[in-house]
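*Asks:*
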Amino acid sequence: MWACRVLHAGLSAAPRGRRAQSALTQLRGVLEEELEAIRGAGTWKSERVITSRQGPRIHVDGVSGGILNFCANNYLGLSSHPEVIQAGLQALEEFGAGLSSTRFICGTQSIHKDLEAKLARFHQREDAILYPSCFDANAGLFEALLTPQDAVLSDELNHASIIDGIRLCKAQKYRYHHLDMADLEAKLQEAQRHRLRLVATDGAFSMDGDIAPLQDICRLASRYGALVFVDECHATGFLGPTGRGTDELLGVMDQVTIINSTLGKALGGASGGYTTGPGPLVSLLRQRARPYLFSNSLPPAVVGCASKALDLLMESNAIVQSMAAKTQRHLCHRVQLSSGPQGQGPDPGADLRSAQRGRHRPLCGGLRGGGAAAWGTALTRVVTGTAMVPLPPP
Ligand code: PLP
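In the working numbering, the protein residues as written are 149 to 542.
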């Protein structure tokens with residue numbers, strides 16, 4: 149019987165094996181074509197290997213000596229802050245490497261609850277929920293909250309994760325022109341027939357460093373009965389007098405309903421994201437948000453690092469103020485590279501931009517020659533013909 153099965157398997161494996169082989173050959177052809185198209189479009193992204201901690205000065209594989217790093221979103225320099233690292237080590241020691249579980253099965257530790265409470269306190273909101281990343285927080289929010297009866301109105305330059313999150317939900321979708329309040333108002337008028345209306349925007353748009361006009365957005369939202377959602381990844385920890393973010397900077401903390409943000413930039417830079425807002429919304433997300441329900445808990449070391457980063461910000465305003473001063477200095481000395489569009493906003497992540505694809509390469513080469521890590525990148529949501537060179541402040 150067993151020999152019979154082996155013989156049968158042997159006979160039928162031959163043509164199946166050949167078919168699988170030809171499918172694989174076909175796949176290789178398709179992939180090569182795609183990859184060539186990316187190279188041809190000049191949008192190929194290559195990765196440099198850093199051989200040291202993240203920081204203002206790093207070591208990079210293949211480059212001798214330390215170089216200045218202009219590329220990370222390590223806005224406050226907390227990624228390698230000694231107290232942050234120590235807190236991560238302590239959490240690792242006390243709570244282990246990881247939970248081998250999602251939150252609702254058996255992956256919730258006291259440190260997860262403590263960090264959620266701390267985040268809610270930091271943003272002055274009712275509650276908060278952690279995710280493995282802010283990409284996940286954006287993927288989870290819209291689908292869990294909005295139904296076909298609802299409408300979502302999104303800035304056309306919102307981050308890819310907001311766009312993808314909105315794609316996942318069944319609400320009616322409206323896309324308004326970047327920062328264009330007249331267009332938003334027109335779309336809000338159209339959306340009046342829906343049950344809920346949610347305006348979704350980045351707080352700070354990292355490509356140009358421009359800031360969403362949250363006062364105007366909140367005014368319109370109030371006039372047309374809409375909720376306001378803000379992605380604060382490029383604002384949390386450093387924008388506003390105490391680093392609470394864009395809503396603090398523009399004095400609308402009490403009018404923005406929902407905030408999503410990341411632990412992977414200013415708040416220690418490890419990984420993780422969260423939603424903070426009304427208690428019942430957070431309760432709903434714990435029941436319905438798929439990236440929360442079906443992905444592992446944040447590792448204790450990551451939680452420990454982020455928690456310490458928040459402590460540092462809540463204990464003193466010195467780090468935030470030093471960042472604001474450096475940003476001001478950077479704005480005064482911003483390099484004018486070309487006649488092309490330049491990042492003009494007050495966000496410290498504003499990029500240095502060259503107008504023609506490919507022109508950033510010699511520029512970056514020049515900066516690197518001077519001992520600075522500046523790697524050009526071409527991003528899909530940036531207008532064709534432009535290339536970005538991220539340049540955080542000195
Ligand atoms: N939202 C914005 C505006 C971002 O810039 C990013 C990261 O680049 C994300 C969301 C995703 O954050 P995370 O790295 O935590 O997934």
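From the three backbone atoms N, C-alpha and C, an ideal C-beta is built for every residue, glycine too.
All values reported here derive from a predicted model rather than from experimental measurement.
Mapping the DSSP letters down to three states, classify L301 as helix, strand or coil.
*Replies:* Here the question's residue 301 lines up with position 153 in the sequence shown. Strand, per DSSP.
*Asks:* Do you know whose CA, among L460, S470, L446, L461, lies nearest I259's CA?
*Replies:* For the purposes of this step, residue 259 is taken as residue 111 along the sequence shown, with counting starting at 1. When each option's Cα is compared against that of I259, the closest is L446.
*Asks:* Any heavy atom of the ligand PLP closer than 8 Å to the CB of F290?
*Replies:* By 1-based counting over the sequence shown, the position of residue 290 is 142. Flag unset: Cβ of F290 not near the ligand PLP.
*Asks:* Should D312 go down as buried or exposed, given a rule of 16 or more other Cβ atoms within 10 Å for buried?
*Replies:* The count along the sequence shown starts at 1 and reaches residue 312 at position 164. D312 is exposed by the Cβ-count criterion.
*Asks:* Excluding the five sequence neighbours on either side, which residues of its own chain have a C-beta within less than 6 Å of the C-beta of L411, listed in chain order?
*Replies:* The residue labelled residue 411 in the question sits at position 263 within the sequence shown. Contacts found: G420, A454.
*Asks:* Is there at least one non-hydrogen atom of the ligand PLP closer than 8 Å to the beta-carbon of K413?
*Replies:* Numbered from 1 along the sequence shown, position 265 holds the residue referred to as residue 413. Flag set: Cβ of K413 near the ligand PLP.
*Asks:* If you draw a straight line from the alpha carbon of C254 to that of F243, how long is it in whole angstroms?
*Replies:* Working through the sequence shown from its first residue, we reach residue 254 at position 106. Working through the sequence shown from its first residue, we reach residue 243 at position 95. In a straight line, the C-alpha of C254 is about 13 Å away from that of F243.
*Asks:* Determine the closest residue to S200 out of S227, G177, Y324, with distance taken between C-alpha atoms.
*Replies:* Counted from its first residue, the sequence shown places residue 200 at position 52. If we check each option's Cα against that of S200, S227 comes out closest.
*Asks:* Is N554 near the ligand PLP, with its Cβ less than 8 Å from a heavy atom?
*Replies:* One cannot answer for residue 554 here, as it falls past the ends of the chain, which runs 149 to 542.
*Asks:* If distances are taken between C-alpha atoms only, which option among T384, A339, G373 comes closest to G351?
*Replies:* Along the sequence shown, read from residue 1 onward, the residue named residue 351 stands at position 203. Of the candidates T384, A339, G373, the one whose C-alpha sits nearest the C-alpha of G351 is T384.
*Asks:* Can you check whether the CB of L344 is closer than 9 Å to the CB of L305?
*Replies:* Numbered from its first residue, the sequence shown carries residue 305 at position 157. Numbered from its first residue, the sequence shown carries residue 344 at position 196. No, Cβ-Cβ distance for L305 and L344 is not below 9 Å.
*Asks:* With a threshold of 16 other CB atoms inside 10 Å of the CB of A189, please say whether the residue is buried or exposed.
*Replies:* Sequence index remark: in the sequence shown, residue 189 carries index 41 (1-based). Exposed.
*Asks:* For the candidate residues A171, R166, L240, S212, whose alpha-carbon lies nearest to that of P448?
*Replies:* Taking the sequence shown and counting its residues from 1, one reaches residue 448 at position 300. If we check each option's Cα against that of P448, L240 comes out closest.
*Asks:* Could you tell me the distance, in whole angstroms, from the CA atom of R166 to the CA atom of Q174?
*Replies:* Against the sequence shown, residue 166 aligns to sequence position 18. Against the sequence shown, residue 174 aligns to sequence position 26. For R166 and Q174, the distance between alpha carbons rounds to 12 Å.
*Asks:* To the nearest angstrom, how far is the alpha carbon of R434 from that of P426?
*Replies:* Your numbering for residue 434 matches position 286 in the sequence shown. Your numbering for residue 426 matches position 278 in the sequence shown. Answer to the nearest angstrom: the Cα atoms are 13 Å apart.
*Asks:* According to DSSP, K321 sits in a beta bridge with which residue or residues?
*Replies:* To locate residue 321, count along the sequence shown from 1; it is residue 173. In DSSP, K321 forms a bridge with V300.
*Asks:* Roughly how many angstroms lie between the CA atoms of I314 and E180, to the nearest whole one?
*Replies:* For the purposes of this step, residue 314 is identified with residue 166 of the sequence shown, where counting begins at 1. For the purposes of this step, residue 180 is identified with residue 32 of the sequence shown, where counting begins at 1. Looking at the two C-alpha atoms, the distance is approximately 31 Å.
*Asks:* Assuming Y324 and L301 are in contact, meaning their beta carbons sit under 8 Å apart, how far apart are those beta carbons, in whole angstroms?
*Replies:* Working through the sequence shown from its first residue, we reach residue 324 at position 176. Working through the sequence shown from its first residue, we reach residue 301 at position 153. Y324 to L301, Cβ: 6 Å. Contact.
*Asks:* Taking the continuous alpha helix (DSSP H) assigned at D275, which residues delimit it?
*Replies:* Working through the sequence shown from its first residue, we reach residue 275 at position 127. Note, D275: premise wrong, no alpha helix (DSSP H); beta strand (DSSP E) at 275–279.
*Asks:* Quick one: residues in its chain with C-beta nearer than 7 Å to the C-beta of I186, no 5 flanking neighbours on either side, listed in chain order?
*Replies:* For the purposes of this step, residue 186 is identified with residue 38 of the sequence shown, where counting begins at 1. Hits under 7 Å: W192.
*Asks:* Candidates G399, G203, G388, E182: which alpha carbon is nearest L461's?
*Replies:* In the sequence shown, the residue the question calls residue 461 occupies position 313. Taking only the C-alpha atoms, the option nearest L461 is G388.
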